[in-house]
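In what follows, a structure is listed as structure tokens, so that the remarks can point back to it.
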Amino acid sequence: MIAFPRVIVTGGRDLTDAGLVAFGLDGIRRLVGDFLLVHGGARGADTLANRWAVARGLPRPEIHKVDGSDWSRYRGYAGHRRNQAMVDAGALLLVSFPGGNGTRDCTTRALAAAIPVVKVELRFGAPAARLVVSP
1 MIAFPRVIVT GGRDLTDAGL VAFGLDGIRR LVGDFLLVHG GARGADTLAN
51 RWAVARGLPR PEIHKVDGSD WSRYRGYAGH RRNQAMVDAG ALLLVSFPGG
101 NGTRDCTTRA LAAAIPVVKV ELRFGAPAAR LVVSP
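Spelled out as structure tokens, the structure:
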């Protein structure tokens with residue numbers, strides 16, 4: 001079995017721009033080759049990234065979904081615990097798409113764990129990416 005590098009994706013639940021997600025992930029794939037996509041299983045960025053990986057025949061994505069019992073038990077901390085679990089498992093890098101507090105939390109945790117972050121966003125109406133290697 002081939003061990004693919006892990007790449008975590010984080011981003012907002014309201015993200016609908018599949019082109020922006022493809023721009024970011026296609027760029028990462030050109031740099032590192034095939035990889036294992038890791039995400040939290042939420043709508044928005046996670047779902048778009050999952051569709052991107054499946055459409056390109058990449059390994060089946062690793063999904064760290066927070067289920068109802070986690071939300072009941074940990075309430076507002078469930079997402080933070082999920083983010084930390086993804087980071088603790090290690091990754092070559094994290095790709096951060098536009099989002100809110102959960103995206104910021106996951107990005108901050110990755111940087112604290114010395115996982116480089118590639119931020120993908122719209123700049124002046126066009127997709128852009130930049131590498132962040134420290135907080």
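Numbering of the sequence shown is given in my numbering, commencing with residue 1 and proceeding in unit increments. The beta carbon of each residue, even a glycine, is placed where N, CA and C say it ideally should be.
Cβ pair residue i, residue j closer than 8 Å
i     : j     : result
Arg6  : Gly90 : yes
Pro61 : Val38 : yes
Separation of residue j from residue i, as counted between CA atoms
i      : j      : result
Val132 : Phe23  : 17 Å
Gly41  : Arg82  : 10 Å
Gly79  : Gly125 : 30 Å
Arg130 : Gly76  : 30 Å
Asp26  : Arg56  : 10 Å
Val117 : Ala3   : 21 Å
Thr103 : Gly19  : 19 Å
His64  : Thr10  : 12 Å
Arg123 : Gln84  : 29 Å
Asp88  : Thr107 : 13 Å
Ala113 : Met86  : 11 Å
Exposed unless 16 or more other CB atoms sit within 10 angstroms - verdict on residue i
i      : result
Arg109 : buried
Asp34  : exposed
Ala53  : buried
Whole-angstrom C-beta distance between residue j and residue i, which should lie under 8 Å
i      : j      : result
Gly12  : Gly100 : 6 Å
Leu111 : Val32  : Incorrect: roughly 19 Å between the Cβ atoms, too far for contact.
Leu15  : Pro98  : 6 Å
Val21  : Leu48  : 4 Å
- prompt: Enumerated in chain order, which unbroken segments of the alpha helix (DSSP H) with a length of 4 residues or greater are wholly contained in the region 45–130?
  reply: 45–55, 68–74, 78–88 and 101–112
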